[in-house]
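Using the working numbering, the first residue of the sequence shown is number 378, and each one after it goes up by one. Heads up, the beta-carbon is just placed ideally off N, CA and C, and yes, glycines get one too. A short write-up of the structure that comes next.
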Amino acid sequence: MLFNSHIFMLLFLPLLLAGWYFLNWKKKFQLAQGYLIGMSLWFYAYANLQYLWLLLFSCLIGWLLSCLPEKIFSEKGKKVLTGVGCVFHLGLLGYFKYSNFFLENLNTVFHTDFPMLQILLPVGISFYTFQQLAYLIDRCRGDAPRDSFFDYLTFMVYFPQLLQGPILLRSEFMGQLKEPERRRFHAERFSEGIQFFVFGLAKKVLLADTLAKAVNYGYSNVSMLDSISALLLAVGYLTELYFDFSGYCDMAVGLGKMIGLEVAENFDAPFHSASVKEFWRRWHMTLGRFFTRYVYIPLGGNRRGKMRTLCNVMIVMLLSGLWHGAAWTFVLWGFLHGVGMIWDNLEHPHLPKKWMRQAATFAYVCMTFVFFRAESIAQGGDVLKSIVSLKWNGFVFQMASALDMTECYMITKALSMKLPGLLSWFWLGIFVVLIAICFRVLSGEKVSGVVALKRQKGYGRLYPVLLAVLFTWSMISMTGVSEYLYFSF
């Protein structure tokens, strides 16, 4: 089930909130928690019924492993337990996500003919695998007490973060679960949750899904790109990805606030970054936190000399690329971000002004994400070559026309009848304005800052009207259910 679907907003969410608050109001706390688990499993099964068993099996084994640290007194034994847990969880992830990637490369290198496995990637497996690994490692380190299977399952299948994160830590969730105050309805917190949800929905439906039409058309016709269309394609995809994923995360944060069990924010104005290193402190923050705590620091972090530090940075970024997808394009994307972070770790005595560094960082990140979207390294290279080719063939008009927004139906109908020559210019103008709107949103505060600002200054009746308009517009625009880009990761 997707947040941006009618069944979620008109059936699932009302049932969830009504049952959750009613049972807690009756002080049936265990029953309310069981109800939350059941609804979360329904949420997952609706999207991926055939792999519901895998989620439950993974959680059962993960919990059983997490019960063992108290029975093991030696540090070596706990390290062995951590290794066993990593083999189990990463083994499941590797089988479902990387088997065909391995076989395909094996066939290419050794000219063999191993058949590809007919398996689908279970939705959310990359996220709940890392969340369970973090939990087990914290247990083996002595940083987390033992939890019942009931609480563990609640933590792992909690629906706002189940499919696409954020990747939560035990320390930021279990405490909330034990607070009676969290189970009571608070109008202010609930209202803030609605605001997060509506802004996230608008990001996804009105911005990301609209940009996706032009971006998909451009990547389907890479051979036709000229400099302008290739540049708009690169910028368009990065903004599409940001609004798609951050929109999902904003909705997840909003749902957490509505329920009372909050989840971590995943973005902090990443395009304000003046370096790639800063970008990763602001982009997909819970993934960066996972790699820092459970990979980078155990490898030695920055404690073993400059060269070792740079190697650790590159290892982390290569793993990050591979985590995102089983393809060499993602590995190259991770490598390029590793190069950017290594550059940032070197000493630069004369740095340009901040706005210049921000512009350079955005340009570099934008270039790397061309490979993130491309179907092959060659295709990504073709897009970049088109940008620097200084070629013009007018393809940008075709790409912009792919937007085909229903909101503009009457205008385009009139233009096609009276002034057909202006129609392509109209769509190009819409494309440019859309990207300009995206940049205006990107230049503002993150959603939590906007919500706090509106609450403090009290915009009177205008702010609720804005929310109502955004929600209604988003609902009307949801003619179909579009998956989130991170669904495939």
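**Asked** Going by the CB atoms, is the gap between Phe772 and Asp603 shorter than 7 Å?
**Response** When the beta-carbon positions are compared, Asp603 and Phe772 come within less than 7 Å of each other.
**Prompt:** Out of curiosity, what's the CA-to-CA distance linking Met794 and Ala751?
**Reply:** Rounded to the nearest angstrom, the gap between the Cα atoms of Met794 and Ala751 is 37 Å.
**Beta-carbon proximity check, Ala579 vs Leu847, cutoff 7 Å** = Yes, these two residues count as a Cβ contact at 7 Å.
**Prompt:** Quick one: does Ser451 have its CB under 7 Å from some CB of chain C?
**Reply:** Protein chain content of the structure displayed is limited to a single chain, and chain C is not contained in it.
**Opening and closing residue of the alpha helix (DSSP H) in which Tyr673 lies** = Tyr673 -> no alpha helix (DSSP H), and no H or E assigned at all.
**Local conformation of Tyr535 per DSSP, three classes** = Per DSSP, reduced to three states, the secondary structure at Tyr535 is coil, with no helix or strand assignment.
**Message:** For the pair the region 538–549 and the region 655–665, tell me if three or more CB-CB distances fall below 8 Å.
**Reply:** Yes, they touch.
**Message:** Given this structure, state the Cα-to-Cα distance separating Phe420 from Leu761, to the nearest angstrom.
**Reply:** So the two alpha carbons sit approximately 40 Å from each other.
**Request:** Would you kindly report the start and end of the unbroken alpha helix (DSSP H) that includes Tyr398?
**Result:** Segment Leu390 to Trp402, the alpha helix (DSSP H) holding Tyr398.
**Asked** Which residues in the same chain have their Cβ closer than 6 Å to the Cβ of Leu467, if we skip the five residues on either side of it in sequence?
**Response** Sequence-distant Cβ neighbours of Leu467 in its own chain, meaning closer than 6 Å and more than five residues away, do not exist here.
**Item:** For Gly415 and Tyr505, the rounded distance between their alpha carbons
**Value:** If you draw a straight line from the Cα of Tyr505 to the Cα of Gly415, it comes to about 17 Å.
**Three-way DSSP call (helix, strand, coil) for Phe712 in this model** = Collapsing the DSSP output to three states places Phe712 in a helix.
**Request:** Write down the C-beta distance between Pro499 and Leu608 rounded to the nearest angstrom, noting that I regard them as a contact closer than 8 Å.
**Result:** That pair is no contact at about 37 Å.
**Item:** Residue interval of the alpha helix (DSSP H) (run including Ser604)
**Value:** Element bounds for Ser604: Ser604 to Ile636.
**Asked** Any chance the CB of Trp769 is under 6 Å from a heavy atom of the ligand GDP?
**Response** Questions concerning the ligand GDP fall outside what the structure shown contains, since it holds no ligand whatsoever.
**Message:** As a quick exercise: from Met855, Val809, Phe748 and Trp769, pick the residue whose alpha carbon is nearest that of Ser356.
**Reply:** Any property of residue 356 remains undetermined from this structure, which presents the chain solely from 378 to 866.
**Message:** By alpha-carbon positions, which one of Asn477, Met694 and Thr616 ends up nearest to Cys743?
**Reply:** Ranking the options by Cα distance to Cys743, first place goes to Thr616.
**Prompt:** Are Met635 and Gly577 close, meaning C-beta to C-beta below 7 Å?
**Reply:** No; because the gap between Cβ atoms is not below 7 Å, this pair is not in contact.
**Asked** With distances taken between CB atoms, is the gap from Leu583 to Ser851 smaller than 7 Å?
**Response** Contact: yes.
**Item:** Residue span of the alpha helix (DSSP H) that contains Ile502, given as start and end
**Value:** Element bounds for Ile502: Ile502 to Arg518.
**Message:** Please report the straight-line C-alpha distance between Leu713 and Arg666, rounded to a whole angstrom.
**Reply:** Leu713 and Arg666 have their C-alpha atoms roughly 20 Å apart.
**Request:** Label Asn425 either buried or exposed according to how many other C-beta atoms from any shown protein chain fall within 10 Å of its C-beta, with 16 as the threshold for buried.
**Result:** Buried, since its Cβ has 16 or more Cβ neighbours within 10 Å.
**Message:** Distance check for Trp804 and Met601, CA to CA, integer angstroms please.
**Reply:** C-alpha of Met601 to C-alpha of Trp804: approximately 18 Å in a straight line.
**Asked** Should the region 709–723 be called in touch with the region 590–600, which here means at least 3 C-beta pairs below 8 Å?
**Response** Between the region 709–723 and the region 590–600 there are fewer than three C-beta pairs closer than 8 Å, too few to call the two in contact.
**Prompt:** For the candidate residues Met718, Phe527, Phe748 and Lys455, whose alpha-carbon lies nearest to that of His738?
**Reply:** A small correction: the amino acid at residue 738 is Thr; His does not occupy that position in the sequence shown. Cα-wise, what sits closest to Thr738 is Met718.
**Asked** From Gly806, Ser503, Glu556 and Tyr671, pick the residue whose C-alpha is nearest to that of Thr517; which is it?
**Response** Before going on, a small fix: residue 517 reads as Cys here, not Thr. Of the listed residues, the one whose Cα sits closest to Cys517 is Tyr671.
**Prompt:** What are the complete alpha helix (DSSP H) segments, minimum 4 residues, inside the region 711–777?
**Reply:** As far as the region 711–777 is concerned, its whole alpha helix (DSSP H) runs of at least 4 residues are 731–750 and 754–765.
**Message:** The alpha helix (DSSP H) that contains Pro841, what's its start and end?
**Reply:** Its alpha helix (DSSP H) spans residues Leu839 to Ser854.
**Message:** Closer than 8 Å is the cut-off here; do at least three beta carbon pairs connect the region 547–554 with the region 630–650?
**Reply:** The answer is yes - the region 630–650 touches the region 547–554, with three or more Cβ pairs under 8 Å.
**Message:** Taking the alpha carbon of Phe389 as the reference point, which residue from Phe536, His727 and Gly702 has its own alpha carbon closest?
**Reply:** It is Phe536 whose Cα lies nearest to the Cα of Phe389.
**Prompt:** For Ile754 versus Leu709, is the C-beta distance shorter than 7 Å?
**Reply:** Taking 7 Å as the Cβ cut-off, Ile754 and Leu709 qualify as a contacting pair.
**Message:** Spatial neighbours of Gly595 within its chain, please: C-beta separation below 6 Å, excluding the five flanking residues on both sides.
**Reply:** Within the same chain, and ignoring the five residues on either side of Gly595 in sequence, the residues whose Cβ sits closer than 6 Å to its Cβ are Leu610 and Met776.
**Message:** Quick check on the burial criterion: 16 or more other C-beta atoms within 10 angstroms. Buried or exposed for Ser606?
**Reply:** With 16 or more Cβ atoms within 10 Å of its Cβ, Ser606 is classed as buried.
**Request:** May I have the straight-line CA-CA distance separating Arg934 from Glu569, to the nearest angstrom?
**Result:** Any answer about residue 934 is impossible in this case: the structure gives the chain only from 378 up to 866.
**Prompt:** What's the call for Met533, buried or exposed, on a 16-neighbour Cβ count within 10 Å?
**Reply:** Flag for Met533 reads buried.
**Prompt:** Which whole-angstrom value is the C-beta distance of Gly677 and Leu695, which I expect to be below 8 Å?
**Reply:** Their Cβ separation, rounded to whole angstroms, is 16 Å, which puts Gly677 and Leu695 out of contact at 8 Å.
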